[in-house]
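Colleague:
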Amino acid sequence: MSKQQMIVIGNGMVGHHFVEQFLASDAAADYQLTVFGEEPHVAYDRVHLSDYFNGSDADALCLAKPGFYDQDGVTLQLDEQVTGIDRDAKQVITPKGRYDYDTLVLATGSYPFVPPIPGNDNEAGLVYRTLDDLDAIRDAAARSKIGVVVGGGLLGLEAANALKSLGLKAHVVEFAPQLMGVQLDGEAGELLKSKIEDLGVTVHCSKATQQIVAGDSCRYKMEFSDGEALETDLIVFSAGIRPQDALGRESGLELGERGGIVIDSQCRTSDESIYAIGECALWNGQIFGLVAPGYTMAKTLAAYLNDEAAGFTGADMSTKLKLLGVDVGSIGDAHGRTPEALIYKYSNQAEGTYRKLVVSPDNKQLLGAVLVGDNSYYDTLLQYALNGLELPEQPDSLILPAMEGAAPALGADALPETATICSCLNVTKGQIVEAIDAGAVTVADVKEVTAASTGCGGCAALLKNVVDSELEQRGVEISNDLCEHFAYSREELYHLVRVEGIASFDELLKRYGKGLGCDICKPTVGSILASCWNDHIHELPHVGLQDTNDTFMANMQKNGTYSVVPRVPGGEITPKQLIALGMVADKYQLYTKITGGQRVDLFGATLNQLPLIWGELIDAGFETGHAYGKSLRTVKSCVGSTWCRYGVQDSVGMAIRLENRYKGLRAPHKIKFAVSGCTRECAEAQSKDIGVIATDKGWNLYVCGNGGMKPRHADLFATDLDDATLIQYIDRVLMFYIKTGDRLQRTSVWMENLEGGLAYLQDVVINDSLGLGQQLEQQMEHVVATYQCEWKSAINDPEKLKRFRQFVNDEREDPDLQVVEVRDQLIPA
Amino acid sequence: MSNPTELEWLSLCDKDDLIPGSGIAAWLDGEQIALFYLPGIGNEVFALSNHDPIANANVIARGITGSLEQQPVVASPLYKQHYRLDDGSCLEQPELTLKCWPVRLSGNRVEIGSDSPQVNAA
Ligand SMILES: Cc1cc2nc3c(=O)[nH]c(=O)nc-3n(C[C@H](O)[C@H](O)[C@H](O)COP(=O)(O)OP(=O)(O)OC[C@H]3O[C@@H](n4cnc5c(N)ncnc54)[C@H](O)[C@@H]3O)c2cc1C
């Protein structure tokens with residue numbers, strides 16, 4: 001039997017999900033699939049589109065596993081828009097030709113609605129839907145100072161946030177009297193508005209734009225019906241979406257009154273060979289503008305085509321989001337439209353939080369909820385609403401601040417097996433339990449098997465709770481022991497050292513470990529002791545803990561000699577110092593190379609030579625550079641406003657200040673900084689653990705980037721900070737990393753492993769959600785105050801210098817060292 | 001097996017030259033010897049060849065000491081293989097063994113037994 005032809009139009013989120021689901025089914029063997037995508041990209045994660053501005057590239061957002069569309073039975077034709085459907089001939093038409101189908105699936109999504117305002121073209125008519133749209137916005141932003149988003153809904157606020165992160169002064173213009181009118185009531189909208197304005201985004205409600213004309217101080221001027229006007233350099237429209245139903249319309253499929261291709265519960269349109277799924281489909285008079293219902297449709301259709309009983313029965317439209325640290329949540333009947341529904345409200349102006357419950361007339365079931373300012377209530381409330389769990393006697397106990405009498409959060413154990421944990425991928429608690437029964441032992445395993453929490457990620461914390469509690473019930477202990485000597489993780493050891501005031505490895509080993517220690521736990525504990533108490537690493541109890549590089553305060557090279565890197569804060573060096581470096585290098589015949597961190601590396605020093613070399617370097621005013629330590633390396637900088645005609649702040653001055661503040665700080669792994677004097681970013685700050693970029697109002701802070709084997713762009717953490725706040729945030733981020741990071745874990749991996757990632761870290765640092773802020777700052781203050789140049793202290797202490805000899809009983813150098821001359825310098829033979 | 005008492009004991013350095021929990025290197029007639037001092041553990045002093053056969057560099061004395069499965073070991077500072085202090089055998093690559101000397105503390109002196117490269121004094 002020859003294969004049936006199936007065509008899928010649209011390679012967006014839902015179309016792709018359908019292809020995945022369908023190819024995994026038995027029916028796939030009977031079909032040849034052809035997928036047409038109008039965009040030039042393979043299906044990508046539109047939900048996380050904004051990450052494209054925070055360092056994710058198109059590849060990182062791609063939804064298809066590598067090679068997915070190369071497998072047999074499916075062809076993907078990108079950059080090929082379907083322009084018509086010939087239902088009589090059962091063919092689809094593209095500019096390249098006609099293609100036969102037996103079964104046709106429309107997954108064309110929606111398009112942004114741009115209101116017909118005169119003048120809304122070019123940079124005054126941008127939208128926020130595709131990667132190409134974002135490229136256009138980025139281009140326009142590079143030539144702009146002010147940006148306006150028209151539309152104060154969920155997507156509009158996200159777009160405003162993006163404009164802000166591109167360094168623009170952002171405005172939101174909303175036609176309705178409040179923000180997020182679909183999800184929030186008036187009071188919540190008002191609170192959200194004030195919070196967003198605190199973040200520097202100006203919100204204009206009840207504003208109807210009449211026309212866009214040329215501006216005086218900016219490219220454009222928006223004129224409103226109330227006579228007021230707003231000048232801006234670019235305008236992004238986010239005034240709602242419309243189902244992309246043009247193909248259905250032209251080919252005579254049944255559409256809804258206000259658009260959308262009508263489907264039944266099997267996703268079938270009015271033509272029995274044609275199906276529609278995702279945002280282009282209208283079910284029961286409803287369009288679903290979220291990805292989860294689309295995924296459910298895709299699953300339903302794949303199952304139906306595989307002859308399984310399946311039906312789409314609607315979907316939950318609850319949402320939670322966080323914009324620059326502002327929590328907003330909306331569940332079910334947020335507006336209390338159910339007749340006779342009971343309303344409970346809690347509002348706290350001092351804290352800026354608002355919570356509302358909509359409860360059934362019998363006071364037993366949660367119908368809806370609204371949250372602003374604190375989403376920690378969301379998971380529990382959503383579970384009550386989705387699963388119809390009976391409410392406690394006093395439902396308002398669920399939204400009162402945690403104090404005596406408040407109901408405890410709903411534990412994972414209390415949830416029924418049918419409870420939906422991940423609504424994007426529609427994964428129930430039962431499926432998670434199944435995965436664990438089948439051998440999954442980590443959250444990562446469970447994610448892999450069930451795909452839970454791989455959509456919007458909002459359920460990550462709940463998922464972890466469920467997994468942990470299930471594992472616990474099975475008596476599974478998850479080992480994160482550091483090594484055979486300590487049944488503790490690095491974080492736990494740090495805590496013990498801090499809280500119990502433990503001052504040496506031996507004491508820690510005696511009280512909490514066994515054996516003699518090893519090359520894993522010794523340097524780890526050495527680093528923890530240094531982070532906490534900052535004794536000299538050569539004090540007797542610590543000396544045996546250090547890796548050879550720390551022991552000899554230089555970097556061992558392959559032949560057993562060392563390289564020496566003096567500190568050059570910010571990369572600024574006087575000619576005299578440069579000459580002094582050259583003289584020392586020449587005298588000891590050291591191979592000399594400039595590093596990527598804007599300093600000079602001198603190679604080939606023997607143990608005997610190290611103290612002599614450092615004696616001369618210290619006399620010339622140099623300090624140790626800690627190139628050997630798991631500690632702050634360098635703060636790279638561009639010249640900034642001191643010389644550069646584009647610089648807006650003194651980046652060198654800031655780099656020197658930061659380098660001098662954090663030099664010597666020991667951490668789970670090395671830490672690199674950079675400071676750029678303007679958005680041209682010549683110091684490459686976005687590839688560093690801590691990146692600082694000047695703005696005309698202060699500094700933008702980026703965190704947790706790195707180069708190396710697995711490069712990662714840093715994430716924008718906070719914008720337009722003054723000097724004091726910048727340093728306060730960096731203090732907190734670094735000390736929190738030192739407190740909770742794992743051994744040899746760079747900040748990037750550390751943050752990715754934090755439950756809640758960047759948003760969580762922002763919450764801890766900016767909102768002080770754990771109440772740790774002051775403590776972290778004090779701990780940093782101690783390290784800063786007790787800094788000493790390790791080489792200077794060593795040079796002055798004959799005891800410490802004892803080890804700097806190749807042989808304890810002989811003056812000679814290692815006779816096996818051989819060198820050859822290459823390009824006028826000596827290297828190992 | 002040779003008998004330790006028949007060895008010639010040569011004085012290498014003072015006990016004060018040793019670093020508790022760590023290593024130093026000594027020179028003996030063209031040989032480079034890594035000396036480790038673990039107070040309270042077995043023989044307390046251990047002597048292995050300072051030559052790391054994998055890195056081909058004389059660096060063993062600069063490794064971190066410790067124990068793995070109750071055996072005292074040193075980790076090479078370059079590529080981190082572990083060698084047992086008792087007999088010089090390599091845990092990761094059993095075909096490799098570091099030369100090993102009998103060694104003892106005699107008053108304030110550290111003495112090494114020459115002519116018996118295979119066995120420790122213990
Ligand atoms: C910035 C942003 C943030 C969002 N955040 C969330 C969120 O937090 N939570 C949530 O649930 N949802 C969110 N959404 C919505 C979510 O992205 C959509 O619900 C989802 O993408 C819908 O999938 P779809 O496949 O129906 O449509 P799409 O993903 O839009 O895919 C449709 C594809 O079909 C292509 N196409 C259309 N016509 C043709 C044609 N004639 N020929 C060929 N190809 C065609 C389009 O180019 C497009 O690639 C967000 C959307 C945006 C833009």
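Protein chains in written order, with UniProt numbering: chain A, 1 to 829; chain B, 1 to 122.
We put the beta carbon where it would ideally sit given N, CA and C, even for glycine.
Going by DSSP, which residues form a beta bridge with alanine 674 of chain A?
Modeller: A:Lys636, A:Gly691
Colleague: Whose C-beta lies closer than 6 Å to the C-beta of tyrosine 384 of chain A among residues of the same chain, with five residues either side of it excluded?
Modeller: Leu366
Colleague: Quick check: is any heavy atom of ligand 1 less than 8 Å from the C-beta of residue 904 of chain A?
Modeller: Since the first residue shown for chain A is 1 and the last is 829, residue 904 of chain A is missing from the structure and cannot be characterised.
Colleague: What's the gap between the Cα of tryptophan 9 of chain B and the Cα of asparagine 50 of chain B?
Modeller: Taking the straight line joining both Cα atoms gives about 19 Å.
Colleague: Excluding sequence positions up to five away, which residues of its chain have a Cβ less than 7 Å from the Cβ of valine 182 of chain A?
Modeller: Gly153
Colleague: Counting only runs that start and end within the stretch 439-478 of chain A, where is the alpha helix (DSSP H) found for 4 or more residues in a row?
Modeller: Whole alpha helix (DSSP H) segments, 4+ residues: 443-450, 460-473.
Colleague: Report yes if the C-beta of valine 565 of chain A is less than 8 Å from at least one heavy atom of ligand 3; otherwise report no.
Modeller: Absence of ligand 3 is noted for the structure shown, with ligand 1 being the only ligands found.
Colleague: Starting from tryptophan 9 of chain B, follow its DSSP beta bridges and name the residues at the other end.
Modeller: B:Gly113
Colleague: Among residues of its own chain, excluding the 5 on either side of glutamine 557 of chain A, which ones have a beta-carbon nearer than 8 Å to its beta-carbon?
Modeller: Hits under 8 Å: Ser563, Phe603, Gly604, Pro828.
Colleague: Rounded to whole angstroms, what is the Cα-Cα separation between valine 446 of chain A and alanine 438 of chain A?
Modeller: 10 Å
Colleague: Let me see if you follow: with CB-CB separation under 9 Å, is alanine 25 of chain B close to chain A or not?
Modeller: yes
Colleague: Quick check: does the Cβ of phenylalanine 36 of chain A come within less than 8 Å of any heavy atom belonging to ligand 1?
Modeller: Because some heavy atom of ligand 1 lies under 8 Å away, the Cβ of phenylalanine 36 of chain A counts as near it: yes.
Colleague: Would you identify the three-state DSSP class for histidine 51 of chain B, choosing helix, strand or coil?
Modeller: strand
Colleague: Quick check on the DSSP output: the alpha helix (DSSP H) that includes cysteine 205 of chain A runs from which residue to which?
Modeller: Per DSSP, cysteine 205 of chain A belongs to no alpha helix (DSSP H) and is neither H nor E.
Colleague: According to the Cβ coordinates, are tyrosine 79 of chain B and isoleucine 54 of chain B closer than 9 Å?
Modeller: yes
Colleague: If we cut at 9 Å on Cβ distances, does glycine 113 of chain B have a partner in chain A?
Modeller: no
Colleague: When burial is assigned at 16 or more other CB atoms within 10 Å of the CB, is lysine 364 of chain A buried or exposed?
Modeller: exposed
Colleague: Using the rule of at least 16 other Cβ atoms within 10 Å of the residue's Cβ for burial, across every protein chain shown, is glutamine 762 of chain A buried or exposed?
Modeller: buried
Colleague: Would you say aspartate 519 of chain A and asparagine 58 of chain B are within 9 Å of each other, going by their C-beta atoms?
Modeller: no
Colleague: Residues in its own chain within less than 7 Å of lysine 514 of chain A by CB, not counting five upstream and five downstream?
Modeller: When the five nearest sequence neighbours on each side are left out, the beta carbons in the same chain lying within less than 7 Å of the beta carbon of lysine 514 of chain A are those of His485, in order along the chain.
Colleague: Ignoring anything shorter than 4 residues or poking outside the stretch 71-158 of chain A, list the alpha helix (DSSP H) runs there in chain order.
Modeller: 131-142
Colleague: What residues of chain B sit near leucine 78 of chain A, judged by a beta carbon separation below 9 Å?
Modeller: The contact set of leucine 78 of chain A on chain B, defined by CB atoms closer than 9 Å, is empty, because the minimum CB distance reaches about 47 Å.
Colleague: Just tell me which of A:Cys424, A:Asn426, A:Thr450 has its CA closest to the CA of isoleucine 436 of chain A.
Modeller: A:Thr450
Colleague: Answer yes or no: the CB of alanine 136 of chain A versus the heavy atoms of ligand 1, is any distance below 8 Å?
Modeller: no
Colleague: List the residues that DSSP assigns as beta-bridge partners of histidine 82 of chain B.
Modeller: B:Ala75
Colleague: Between A:His626, A:Asp810, A:Gln32, A:Ser637, which lies nearest to tyrosine 101 of chain A when the distance is taken from Cα to Cα?
Modeller: Proximity to tyrosine 101 of chain A across A:His626, A:Asp810, A:Gln32, A:Ser637 peaks at A:Gln32, based on C-alpha coordinates.
Colleague: Measure the C-alpha to C-alpha separation of residue 838 of chain A and leucine 590 of chain A and round it to an integer number of angstroms.
Modeller: Given that chain A is displayed from residue 1 to residue 829, the structure contains no residue 838 of chain A and the question cannot be resolved.
Colleague: State buried or exposed for proline 668 of chain A, treating a residue as buried only when at least 16 other CB atoms are found within 10 Å of its CB.
Modeller: buried
Colleague: Between glutamate 69 of chain B and chain A, is there a C-beta pair that is closer than 9 Å?
Modeller: By this cut-off, glutamate 69 of chain B is an interface position.
Colleague: For proline 828 of chain A, which residues does DSSP report across the bridge?
Modeller: Beta-bridge pairing links proline 828 of chain A to A:Val819.
Colleague: Using only CA atoms, which one of A:Ser489, A:Thr34, A:Leu776, A:Ala43 lies nearest to threonine 75 of chain A?
Modeller: A:Thr34
Colleague: Pop quiz: alanine 580 of chain A and serine 637 of chain A are said to be a contact at Cβ under 8 Å. What is the actual Cβ separation, rounded to whole angstroms?
Modeller: Not confirmed; about 22 Å, so no contact.
Colleague: What residue from A:Glu448, A:Leu126, A:Thr103, A:Asp535 has the CA that sits closest to phenylalanine 113 of chain A's CA?
Modeller: A:Leu126
Colleague: Taking valine 692 of chain A as the reference, which of A:Lys663, A:Gly664, A:Ile730, A:Arg661 has the closest Cα?
Modeller: Ranking the options by Cα distance to valine 692 of chain A, first place goes to A:Ile730.
Colleague: Are the C-beta of glutamate 404 of chain A and some C-beta of chain B separated by less than 9 Å?
Modeller: Low per-residue confidence applies at glutamate 404 of chain A: pLDDT is 42, beneath 50, and the placement is therefore not dependable enough to give any value.
Colleague: Could you tell me whether the Cβ atoms of serine 112 of chain B and isoleucine 33 of chain B are closer together than 9 Å?
Modeller: According to the sequence as given, residue 112 of chain B is isoleucine; it is not serine. A contact, by the Cβ cut-off of 9 Å.
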